[in-house]
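Protein sequences appear in the order of chains V and C. Per the working numbering, the first sequence starts with residue 1, numbered consecutively. Per the working numbering, the second sequence starts with residue 1, numbered consecutively. Built from N, CA and C at the ideal position, the CB exists for glycine as well.
Number of protein chains: 2
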Amino acid sequence: MPLDRRSGCPINLSLEVFGDRWSLIILRDIIFGGRRHFRELLNGSMEGIASNILADRLKRLMELGMLTKADDPSHKQKAIYSLTEMAIALVPILAHLGAWGRVWLPTREELSIRAELLERGGPPMWEKFMDELRHEHLGTPLDAASGPSVRATLQAAYEAVVAEKARSASPAA
Amino acid sequence: MPLDRRSGCPINLSLEVFGDRWSLIILRDIIFGGRRHFRELLNGSMEGIASNILADRLKRLMELGMLTKADDPSHKQKAIYSLTEMAIALVPILAHLGAWGRVWLPTREELSIRAELLERGGPPMWEKFMDELRHEHLGTPLDAASGPSVRATLQAAYEAVVAEKARSASPAA
DNA sequence: TGCAACCGATTGCAAAATGCAATCAGATGA
DNA sequence: TCATCTGATTGCATTTTGCAATCGGTTGCA
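Here is the structure:
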């Protein structure tokens, strides 16, 4: 897309941000996977992003104001990527996107259980998750006595499905 | 992205559907702009899609089950593209996407007024709109006495902003 | 009947984006 | 010392995109 023909339509501008194959995958891994480092994103993503594309997209997402980069105090070469409020605000979109994909596309059960839980949790759960992300990435205070984190809840559900599938695949051991 | 490394993650699969620059723009023009023909989509979109890309994406969206094509009885060469339920189900995502873009990106006021109204209308308005789209594209019956259509409401708001801007730009006439 | 305008595409070609493997220089831990 | 790990970068082949021209057929009008 040539830069001289952008329209000011919100949907079009949104597509300029993540209307490509990788930007939203990276944000997904940071948000739901809790990944903060280059290598974690490079090796951790199921889809196998190339390192030059990852570097390019991280740079682009920083320029767009969706991510910030900081030195990791424990390792002079490590960089920690953090979400901005702009990126955290994508959580409802990701929740809807996951819900839509779960219904209409051939998703795998263990990978769609998180989308299902997030959909069932609805806006209250999204808000809680966003608050946890703000705490994790922006250092804002967190409400006390809020129970297990949303990410831990989603992760536990994922692992339960994986375990159940393994059990039913080989019932006797 | 090579086809042999797709993951069954709902977000990843969703991105395979509209993780590109144009697919969602086309759907936007059909949904909000009411466009049904090739030429309408070609000339009507603000972003100026190329005809080969448009043809390719229409074909792809049909293969994915998001669109269907039918002959226009009034013109032997005209084709009418219709949304499927799968595509109509994107309305909440488009609403969220518009709302997000309106807040975080440099949208133009007259183009973002629709997103604002759609956000304010919330899920009830989205449902009404989806029902109207089902009527328009799938031929399902429509609830009577439902007032002006959502699309007409959004269009009227857009035109009001345009008129207001023109008035304030040249107050004396 | 002739003919310009319109219909949904398709073609050829240049430019840009992507995928992939190899590699970089500096930091770390043994 | 030296293998390993850090966030990237480079070169190159492949794929996708942008763009203008064009295609065969249809339509409305004179």
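- Message: DSSP has Ile-80(C) in a bridge; who is on the other side?
- Response: Here the question's residue 80(C) lines up with position 80 in the second sequence. DSSP output for Ile-80(C) lists Ala-70(C) as bridge partner(s).
- Residue of Val-103(V), Asp-20(V), Ser-170(V), Lys-69(V) minimising C-alpha distance to Ile-30(V): Locating residue 30(V) in the first sequence gives position 30, where the first residue counts as 1. Taking only the C-alpha atoms, the option nearest Ile-30(V) is Lys-69(V).
- Item | Three-state secondary structure (DSSP) of Ile-49(C) | As a working mapping, residue 49(C) is identified with position 49 in the second sequence. If DSSP states are grouped into helix, strand and coil, Ile-49(C) belongs with coil.
- Spatial neighbours of Ser-14(V) within its chain, please: CB distance less than 7 angstroms, with the 5 preceding and 5 following residues excluded, ordered by chain position. Stepping through the first sequence from its first residue, residue 14(V) is reached at position 14. Closer than 7 angstroms at Cβ, skipping near neighbours: no residue.
- Leaving out the 5 sequence neighbours to the left and right, which residues in its chain are closer than 7 angstroms to Glu-47(C) when beta-carbon positions are compared? Position 47 of the second sequence, counting from 1, holds the residue named residue 47(C). Correct list, in chain order: Ile-25.
- Which chain C residues are close to Met-86(V), counting only those with a beta carbon under 8 angstroms from its beta carbon? Working through the first sequence from its first residue, we reach residue 86(V) at position 86. Simply Trp-104.
- Query: Shorter than 8 angstroms from the beta carbon of Ala-173(C) to some beta carbon of chain V?
  - Reply: As a first step, residue 173(C) must be located in the second sequence, where it is residue number 173. With a pLDDT of only 49 at Ala-173(C), under the threshold of 50, the placement of this residue in the model should not be trusted; the figure read from the coordinates follows. Not one chain V Cβ lies under 8 angstroms of Ala-173(C).
- Message: Excluding the 5 residues flanking Leu-3(V) on each side, which residues of the same chain have their C-beta closer than 8 angstroms to its C-beta?
- Response: Locating residue 3(V) in the first sequence gives position 3, where the first residue counts as 1. Unreliable placement is indicated for Leu-3(V), whose pLDDT of 49 sits below 50; no coordinate value is reported for it.
- Item | Sub-8 angstroms separation of Leu-118(C) and Ala-152(C) beta-carbons | Sequence index remark: in the second sequence, residue 118(C) carries index 118 (1-based). Sequence index remark: in the second sequence, residue 152(C) carries index 152 (1-based). Cβ atoms of Leu-118(C) and Ala-152(C): not closer than 8 angstroms.
- Message: Applying the 10 Å Cβ sphere with the 16-neighbour rule, what's the burial state of Ala-166(C)?
- Response: Indexing the second sequence from 1 puts residue 166(C) at position 166. Label assigned to Ala-166(C): exposed.
- Message: Quick test of your reading: His-137(C) and Leu-83(C), contact by CB under 8 angstroms. State the CB separation rounded to the nearest angstrom.
- Response: Working through the second sequence from its first residue, we reach residue 137(C) at position 137. Working through the second sequence from its first residue, we reach residue 83(C) at position 83. The Cβ separation is near 4 angstroms, so the contact holds.
- Task: With distances taken Cα to Cα, identify the nearest neighbour of Leu-194(C) among Leu-64(V), Gly-122(V), Ala-115(V), Asp-143(V).
- Result: Missing from the structure shown is residue 194(C); chain C here goes from 1 to 173 and no further.
- Task: Could you tell me whether the Cβ of Ile-238(V) comes closer than 8 angstroms to any Cβ of chain C?
- Result: Coverage of chain V is limited to positions 1 through 173, which leaves residue 238(V) absent and any answer about it impossible.
- Task: Mind checking which residues open and close the alpha helix (DSSP H) that includes Leu-64(C)?
- Result: Taking the second sequence and counting its residues from 1, one reaches residue 64(C) at position 64. Note, Leu-64(C): premise wrong, no alpha helix (DSSP H); not H, not E.
- Task: Rounded to whole angstroms, what's the CA-CA distance from Leu-11(C) to Ala-169(C)? Just pull it up for me.
- Result: Position 11 of the second sequence, counting from 1, holds the residue named residue 11(C). Position 169 of the second sequence, counting from 1, holds the residue named residue 169(C). According to the sequence provided, residue 11(C) is Ile. The question's Leu does not apply to it. Cα-Cα distance, rounded: 44 angstroms.
- Message: Could you check whether the Cβ of Arg-57(C) sits closer than 8 angstroms to any Cβ belonging to chain V?
- Response: Walking along the second sequence from the start, residue 57(C) turns up at place 57. It does not: the Cβ of Arg-57(C) has no partner Cβ on chain V nearer than 8 angstroms.
- Message: Taking its Cβ as the centre, do 16 or more other Cβ atoms sit within 10 Å of Pro-148(C), making it buried, or is it exposed?
- Response: As a working mapping, residue 148(C) is identified with position 148 in the second sequence. The residue is exposed, with fewer than 16 neighbouring Cβ atoms inside 10 Å.
- Under a Cβ-count criterion, where at least 16 other Cβ atoms within 10 Å of its own Cβ denotes burial, should Arg-39(C) be classed as buried or exposed? As a first step, residue 39(C) must be located in the second sequence, where it is residue number 39. Answer is exposed; the Cβ neighbour count stays below 16.
- Query: Within 8 angstroms (strictly less), CB to CB, does Ala-160(C) reach chain V?
  - Reply: As a working mapping, residue 160(C) is identified with position 160 in the second sequence. With 8 angstroms as the cut-off, Ala-160(C) does not count as an interface residue toward chain V.
- Around the C-beta of Leu-58(V), are 16 or more other C-beta atoms found within 10 angstroms, so that it is buried, or is it exposed? Taking the first sequence and counting its residues from 1, the one referred to as residue 58(V) is at position 58. It counts as buried.
- Task: Measuring only between beta-carbons, confirm whether Ala-115(C) sits less than 8 angstroms from chain V.
- Result: Here the question's residue 115(C) lines up with position 115 in the second sequence. Answer yes: the Cβ-Cβ gap between Ala-115(C) and chain V drops below 8 angstroms somewhere.
- Query: What is the residue span of the alpha helix (DSSP H) that Ile-134(V) lies within?
  - Reply: Locating residue 134(V) in the first sequence gives position 134, counting from the first residue. Reading the sequence as shown, one finds Arg at residue 134(V) and not Ile. Arg-134(V) -> alpha helix (DSSP H) spans 109–138.
- Against chain V: residues of the region 115–144 of chain C by CB proximity under 7 angstroms: Ala-115
- Message: So, at 7 angstroms on beta carbons, what are the nonlocal neighbours of Val-150(V) in its own chain, with the 5 sequence-adjacent residues on each side left out?
- Response: Looking up residue 150(V) in the first sequence gives position 150. For Val-150(V), where only same-chain residues beyond five positions count, the Cβ hits under 7 angstroms are Met-125, Lys-128, Phe-129, Glu-132.
- Query: Rounded to a whole number of angstroms, what is the C-alpha to C-alpha distance between Leu-97(V) and Pro-123(C)?
  - Reply: Within the first sequence, numbered from 1, the residue matching residue 97(V) stands at position 97. Within the second sequence, numbered from 1, the residue matching residue 123(C) stands at position 123. If you take the alpha carbons of Leu-97(V) and Pro-123(C), they lie about 15 angstroms apart.
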